[in-house]
Each structure stands twice: as C-alpha cells, then as structure tokens.
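K.L.:
Protein chains: 2
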Amino acid sequence: MNAETALRDRLRLVLLHTTHPGNIGAAARAMKTMGLRDLHLVAPRHFPHADATALASGADDLLASAVVHETLDEAIADCHWVLGTSARLRSIPVPGLDARDAARAVVERLQQHEQQIAILFGQERSGLTNEQLGRCHRLVHIPTTPAFGSLNLAQSLQIVAYELRMAALEMDGLPPLPAREDPPAAREKLEGFYQHLQGVSRRIEFSDEKQSRSLQARWRRLFDRAEPSDTELHMLRGFLSAVEKKTRD
Amino acid sequence: MNAETALRDRLRLVLLHTTHPGNIGAAARAMKTMGLRDLHLVAPRHFPHADATALASGADDLLASAVVHETLDEAIADCHWVLGTSARLRSIPVPGLDARDAARAVVERLQQHEQQIAILFGQERSGLTNEQLGRCHRLVHIPTTPAFGSLNLAQSLQIVAYELRMAALEMDGLPPLPAREDPPAAREKLEGFYQHLQGVSRRIEFSDEKQSRSLQARWRRLFDRAEPSDTELHMLRGFLSAVEKKTRD
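Each protein sequence line maps, in turn, to chains A and B.
Everything in the first sequence is counted per the working numbering, starting at 2 for the first residue and increasing by one.
Everything in the second sequence is counted per the working numbering, starting at 2 for the first residue and increasing by one.
(1) If we ignore side chains and look at the alpha-carbon of each, how far apart do A/Ala168 and A/Met35 end up?
(2) Return the chain-ordered list of same chain residues with a C-beta closer than 7 angstroms to the C-beta of A/Arg136, the five sequence neighbours on each side being excluded.
(3) Any Cβ of chain B within less than 7 angstroms of the Cβ of A/Thr145?
(4) Go through the region 54 to 131 of chain A residue by residue and report every complete run of the beta strand (DSSP E) that reaches 3 residues or more, in order.
(5) How is A/Pro22 classed by DSSP in three states: helix, strand or coil?
(6) Using a threshold of 7 angstroms, state whether the C-beta atoms of A/Leu87 and A/His142 are closer than that.
(7) Is B/Val68 buried or exposed, if buried means 16 or more other CB atoms sit within 10 Å of its CB?
(8) A/Asp10 to A/Asp39, Cα distance in whole Å?
(9) Listed in chain order, which residues of the region 95 to 111 of chain A have Cβ atoms closer than 8 angstroms to some Cβ of chain B?
(10) What separation, rounded to the nearest whole angstrom, lies between the Cα atoms of A/Gly97 and A/Thr6?
(11) Between the beta-carbon of B/His81 and the beta-carbon of B/Gln116, is there less than 7 angstroms?
(12) Say whether the region 216 to 225 of chain A touches the region 186 to 198 of chain A, bearing in mind that this needs 3 or more beta-carbon pairs closer than 8 angstroms, one atom from each stretch.
(13) Indicate the three-state DSSP secondary structure (helix, strand or coil) for A/Leu175 in the structure shown.
(14) Given that A/Arg166 touches chain B, what residues does it touch there, using C-beta distances under 9 angstroms?
(15) Just how far apart, CA to CA, sit B/Leu42 and A/Ala162?
(16) Would B/Asn131 be called buried (16 or more neighbouring beta carbons within 10 Å of its own) or exposed?
(17) Cα-Cα, which of B/Arg101, B/Pro144, B/Gln113, B/Leu154 is closest to B/Gln124?
(18) Is there contact between the region 18 to 37 of chain B and the region 52 to 69 of chain B, where contact requires at least three CB pairs shorter than 8 angstroms?
(19) Whose Cβ in chain A lies nearer than 8 angstroms to the Cβ of B/Gly200?
(20) Does the separation of the CB atoms of A/Leu140 and A/Gly59 fall below 7 angstroms?
(21) From A/Ala187 to A/Leu165, what does the alpha carbon distance come to, in whole angstroms?
(22) Using only CA atoms, which one of A/Asp52, A/Leu12, A/Leu17 lies nearest to A/Leu37?
(23) Quick check on the DSSP output: the beta strand (DSSP E) that includes B/Asp39 runs from which residue to which?
(24) What does DSSP give as the partner residue(s) for A/Pro185 in the beta ladder?
(25) Which residues in chain E have a C-beta closer than 7 angstroms to the C-beta of A/Lys190? List them in chain order.
(26) Looking at chain A, which residues of the region 16 to 35 of chain B have a Cβ within less than 9 angstroms of any of its Cβ atoms?
(27) Are the beta-carbon atoms belonging to A/Ala119 and A/Ile160 less than 7 angstroms from one another?
(28) How would you list, in chain order, the residues of chain B whose beta-carbon sits under 7 angstroms from the beta-carbon of A/Tyr163?
(29) Under 7 angstroms, do A/Leu158 and A/Val15 count as touching if we go by C-beta distance?
(30) Taking A/Gln156 as the query, report the chain B residues whose CB atoms sit under 7 angstroms from its CB, ordered along the chain.
(31) Since B/Leu8 is in the alpha helix (DSSP H), which residue starts that stretch and which ends it?
(32) Against chain B, does A/Phe224 count as a neighbour if the rule is that its beta carbon must be under 7 angstroms from one of theirs?
(33) Considering only the alpha carbon of each residue, which of B/Ile205, B/Arg226, B/Phe149, B/Asn3 lies closest to B/Gln112?
(34) Cβ of A/Leu152 less than 7 angstroms from any chain B Cβ?
(35) Kindly indicate which three-state DSSP category B/Leu152 falls into: helix, strand or coil?
(36) What number of angstroms, rounded off, separates the C-alpha of B/Arg204 from the C-alpha of A/Asp79?
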C-alpha cells in the first residue's frame, strides 16, 4: 500500500465540539483537496447544517460519511496513535512536533504498522483542553510568528492536511511537474544560433576579432540561462537573418 | 539581514481583481500569522469593505497599509522576480515549481540580492489569465490531489505563506520546540529506579535470578522510551516502596 492510500484509509481527523458548522464544511474541503477522507466529529454544536454544506463546496461526500460521536474516547477507541494540534506553544508534558515532522512521522507509522492514527482539532476559541491533550501521544504545533499566532480552525487543518499530503508524496515520489509545452532546444541548435550571432555581430561591427571571445561568452551565459526552445531560436535567427539581409546592401 | 526580516520587508503578495472582500481579509490574516506584511491589490471589486475587516480579525493593520493599483504592471514595476500561483497544472511556457521549492527559492534570492519579489494570486473563479502569467518568471503549483484540486484563494495563500515562513525558519534555524515543563530525569536517577524495581520484583517473586536479566531489559526499553521525569520517578519509587512495606509484614 502506498502512503497516499494509507493516509486516505487509516488517517482520521477528529473535530471536537466545533461551534460553527461552516468550519466543518471548510475542513471537509481542505481534507478532500489533500486526498484525506475520514472525518470524525465529537459533539458538534450543529451538524448537519446548511453552512457546512455550503463551505464544503464539492466535498459534501466527506460530510455525508462523517462519523459523529458523543465523546472523544469513542472517536479514538480504535486508534493507535493520537496527535493533538495546538495553535500556540503550550507547556504541557506531551512531546511536541512541528506540522512537517508530525506529518512525516504519521506517514512513516502508517507504512510500518496496519494501524489507525487520529489527529485532533479542538474547539474554535479554546483549542484542546488539558484533558483532551491527555489523550494525545504527540502535540502538533504550527510555527506561526510569535507576534500573531492567530490561525483559525480551517487554516490550521489546511496546513496539517497539506503537510500530510506532502509527506505522502515525498514517500511515494512527487508527481512530475508539468513539462514545458515548448521544450528547450538541443545543444546543437543553440550552437548554430551562437555562430550565427557571432557572424552578424562582426558584420555589423558590434564586435571585432579581439573582443569577440569574451562577448561570445557573455551571450552564451545569457541565452543558456534562458534555455530557448526551437521556435524561439527560429525567431532569434529570423531576426539575425533580417539584419544580414539589411546589411548586405 | 535574516530570512524572516527579508520576507517581511521585500516579499509582496499581489491579489488580482479579487471579487469577495472577505478573501482580502482572510489573506491579510494568513499573511500576518506567517510574518508577511506587504499586501498589494490590483483593482479589487470592493475595498475597503466591512467583510475584509471582519475576516482579517486582528490583521487590519495589513489592510490599512495595503497598496491598491489599477494595473498589474504598476503593482510589480519595482519587482525583480515575479511568481504566479495556480491551483491546477497548466501547460504554459513558464517553468513550474511546487510551493515548497518556490518558497525556498524566494528566500534564497532575497538573501542573495537586495531585490523585491512578488507572488501573484489571480481572481477567485478564473485564476491568473495567460496575459498575467506572461509577467511571471515562475509558476507556483500546490500539489493537491488530481481528483479534487479545488483550493480557494485564502487556502492557497495560506499554504504559500506557510511555506515561505518554513523556508525562512529553515534558513534562520527553526525556533526550539517548547521544552517539557517536567523534563526527563538524569540517567543516574533512572538507574536507581531500575535497581529498586529489580529488588522489588524478586521480593514479590515476580522474577527469579534466572529470568531477571531479560526482564530487566524489557523494563528498560519501556521506561527509557517513556523518559520519566524526576517527579514521575519519585512516584514510581513511591509505589515500589509501598509494595516493599506491604510485603515486609
């Protein structure tokens, strides 16, 4: 099983006593964009609710399959590792990890063991209580700026979900970035252009035999960095040809 | 100048033709949590606006100092490197980077040169147009799941801002995680506990001379992993002493 599948099937996000149903919807959307699926709610104030559906905008399947519990203990009964998120640093006796390291640890554990892992998100205003943190093996911390650590529930969850996906992709191998539609030309074509350019430079007395070498090097640095495509080289050489034609007279 | 300061002073986020003022507020909040400050708006539909202020929730200083432009060219006139964000993969002839690599590249560049860098965020529904992308040196892509790539403006910006901060912290050195309030005890104390435990184990005939060695190793693995504090060891030994006292009779 690859890491992406493991995350989808065995990683649970648990929202505790959420006050605003819109946040549940935003959470579902954030989860779905990052390939997560298993949403659990402990005693949400309002659910289901129109605001949740509106904010989910396309992730309503996660709302439909969300599991509602009365207590946290019920929500994590079958989980082997439980992490609690906290927007600010807290001095509690639970070892802390930043979101990136936590995500890597989660993905690694899911690969090593056929286990369930849960990540808890506390109530909007107050976060996780000390009792809830007492259920956690690790505390997850997002390194916001100390001067303004005010991340809301949906934002924190977005970052954690994103880091989980990045960790899974790191393990599975990141998908290739989209290729340039107009790929860089082969070296030979580029050399043809440089010769053409040199010829024209002399013809127009932009450079003489002596200068030519260092100038050529500068041109090369510039155009090599630009990695021109065939069509772009065609354009450049078209320009040079036009100069030649004009100066032939 | 450290990377955090460089980001704050020379990295600009530019929001183009934003439709919903709430998104401008959420953007300001996301920026501020990650230590960014320089917000530019190109022809926002409504600004200033009560929704922007409401969603900024504490980051209204960024709204107050936001610079409004009529055109994109005006907004990036003094910028040396321009990146454009795109929720989905696009086959356009601008080299792509994922958000993490883009953030690292930005932080590196800000350290190398006294330059301004801009990151562009397109209109909510349509994203950046091809003409706007034509102003970009790099395209920034967030690797959402292909099945559901629906990140909204505030979410994308949150992730990009977070990656920028992480890249800066990587360069400056990550701040230390909060220390355990009740730090692990010194080895010597732990050894005292293990001896105590061994004595009591024999006394209660939990282990005999023969078994004792492998059992001792298991106890060690368990408690070493738990990294008990002084007070926790005190508690454990209090328990052992109570056992001793009871078995003395």
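The beta carbon of each residue, even a glycine, is placed where N, CA and C say it ideally should be.
Given the structure is predicted, the values throughout are model-derived calculations rather than measurements.
P.N.:
On the basis of the coordinates in this document:
(1) 11 angstroms
(2) Leu73, Ile77, Val83
(3) yes
(4) 68 to 70, 82 to 87, 97 to 99, 118 to 122
(5) helix
(6) In the sequence as displayed, the identity of residue 87 of chain A is Ser instead of Leu. It is a contact, given that the beta carbons lie within the stated cut-off.
(7) exposed
(8) 7 angstroms
(9) Pro96, Gly97, Leu98, Asp99, Arg101
(10) 26 angstroms
(11) yes
(12) yes
(13) coil
(14) Pro144, Thr145, Thr146
(15) 28 angstroms
(16) exposed
(17) B/Leu154
(18) yes
(19) By Cβ distance, chain A contributes nothing, its closest Cβ being about 28 angstroms from B/Gly200, past 8 angstroms.
(20) no
(21) 39 angstroms
(22) A/Leu12
(23) 39 to 43
(24) A/Ser230
(25) Absent from the structure is chain E; the protein chains it does hold are A and B.
(26) Ala27, Arg30, Ala31, Lys33, Thr34, Met35
(27) no
(28) Ile160
(29) no
(30) Ala31, Gln159
(31) 4 to 11
(32) no
(33) B/Asn3
(34) yes
(35) coil
(36) 37 angstroms
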